[in-house]
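See structure below.
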Amino acid sequence: MNIIQLFSLLDLKTDQILEFGSQDYIRIEKKINFEKKINPEIDSNVSKNLISALKEYKEELLFILSNPIFFNFFTHKNFSKSYFLNYNLTVSDERMRDFIVLFLADDLISFFSLKLSKSTCENFKELDSLLDLKRYFPEGIIYKMTLLVYSKLDFAVSQLSVLNTNNYSSIHYIEYKAFYDLLSHFATIELDQKMDNLLSLVVRSYKKNTSSNFFSSVIKSMVFYNAFNENMSKTLVKNRDLLLVSIEDEDYEKMHRVIKIIIAVVFLLIAFNKTRCS
């Protein structure tokens, strides 16, 4: 349990945080001690950290509690934006980074890793939104997130290098647009190279089986990676466009064959009817 979850559990008034004083801290400590008796998940360190945050980082705590992205992420909730009040807070990026290091660093990484491992489109979208706030993250946390995201892409590349079946369930996530939106937050020359490796494997696999919906979806989705190098972005777009032209040509050929068959059937029916009439 982290301090955001504990604050929510205690059902404290968010709009009163900035006005809390010594008597309020005593009241909150008593409430925490009572909750500890019935909830073994409440850790003593988390309890102390919440009091410290209320005393020394009021604005930063309120910012997290009133931000839908942060609050839902740290509490595993899914409240809509209408649930939250706008306090028009202006917080220092540096103070927010200090706050996260002191109170939320471990959960930020562990929750990020957990959601990334689930490989669902919804989780990727949530992480993409979270990373829009990465200016508040310390460099050490961004570095750890980068390693996690890179390993996700590396796994897909390694699997495509050895897979000899049509079962891509272990790397299904590479066909999601949201996966490449997420990758874009960590774009570097190194990541561009990894994306180039992935593209080569995907194109090769698609050429072996042009009827594969999986690989055509991957090629279309890869366009949403905002590359570090503009040439990489152009390459992704070019491959997507070539794919679309190829699909259009195939559709045209299929339609042309169908029309030929229909015309042939019509002529056969006409000939058959003439034979019957004579």
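Numbering (my numbering), first residue to last: 1345 to 1622. The beta carbon of each residue, even a glycine, is placed where N, CA and C say it ideally should be.
Worksheet item: Is Phe1407 near Leu1433, with beta carbons less than 9 Å apart?
Response: yes
Fill in: Residue environment, Tyr1487, which counts as buried when at least 16 other CB atoms sit within 10 Å
exposed
Discussion item. Between the alpha carbons of Lys1496 and Thr1579, how many angstroms are there, rounded?
Written reply: 22 Å
Worksheet entry | Straight-line gap, Gln1360 to Ser1391 (C-alpha atoms, nearest Å) | 19 Å
Item to complete: Assign Arg1441 to one of two classes, buried (16 or more other C-beta atoms within 10 Å of its C-beta) or exposed (fewer than that).
Response: buried
Fill in: Cβ separation of Asn1570 and Ser1544, assumed to be a contact under 8 Å, to the nearest whole Å
That pair is no contact at about 20 Å.
Worksheet item: With burial defined as no fewer than 16 other Cβ atoms inside 10 Å of the residue's Cβ, what is the status of Tyr1520: buried or exposed?
Response: buried
Worksheet item: Assuming Lys1462 contacts Glu1470 under a Cβ cut-off of 8 Å, what Cβ separation, rounded to an integer in Å, is found between them?
Response: The Cβ separation is near 10 Å, so there is no contact.
Worksheet item: Can you tell me whether Tyr1550 is buried or exposed, with buried defined as 16 or more other CB within 10 angstroms of its CB?
Response: buried
Discussion item. Between which two residues does the alpha helix (DSSP H) holding Thr1490 run?
Written reply: 1483–1506
Item to complete: Please name the residue, chosen from Val1589, Asp1525, Phe1499, that lies closest to Ser1513 on a Cα-to-Cα basis.
Response: Phe1499
Fill in: Pair within 9 Å by beta-carbon distance, Tyr1401 and Phe1443
yes
Worksheet item: Three or more beta-carbon pairs under 8 Å between the segment 1415–1430 and the segment 1366–1379, yes or no?
Response: no
Worksheet item: Closest by CA to Asn1575, which one among Asp1540, Lys1478, Asn1508, Ser1410?
Response: Asp1540
Worksheet item: What's the C-alpha gap between Leu1542 and Gln1367?
Response: 59 Å
Worksheet item: For the alpha helix (DSSP H) that Ile1395 lies in, which residues bound it at each end?
Response: 1388–1400
Worksheet item: Does DSSP put Ser1463 in a helix, a strand or coil?
Response: coil
Discussion item. Given this structure, state the Cα-to-Cα distance separating Met1345 from Glu1385, to the nearest angstrom.
Written reply: 7 Å
Practice prompt. Measure the alpha-carbon distance for Phe1558 versus Met1489 and round it to whole angstroms.
Written response: 27 Å
Worksheet entry | Lys1357 versus Phe1364 - alpha carbon distance | 10 Å
Worksheet item: Just curious, the alpha helix (DSSP H) that Leu1353 is in, first and last residue?
Response: 1347–1354
Worksheet item: Would the beta-carbon of Leu1394 be found less than 8 Å away from any heavy atom of the ligand SAH?
Response: Ligands in the displayed structure: none, and consequently the ligand SAH is not present.
Worksheet entry | Backbone CA spacing between Phe1447 and Val1567 [nearest angstrom] | 37 Å
Worksheet item: Could you give the residue range of the alpha helix (DSSP H) that holds Arg1479?
Response: Run containing Arg1479: none; DSSP gives neither H nor E here.
Worksheet item: Helix, strand or coil: which one does DSSP assign to Val1546?
Response: helix
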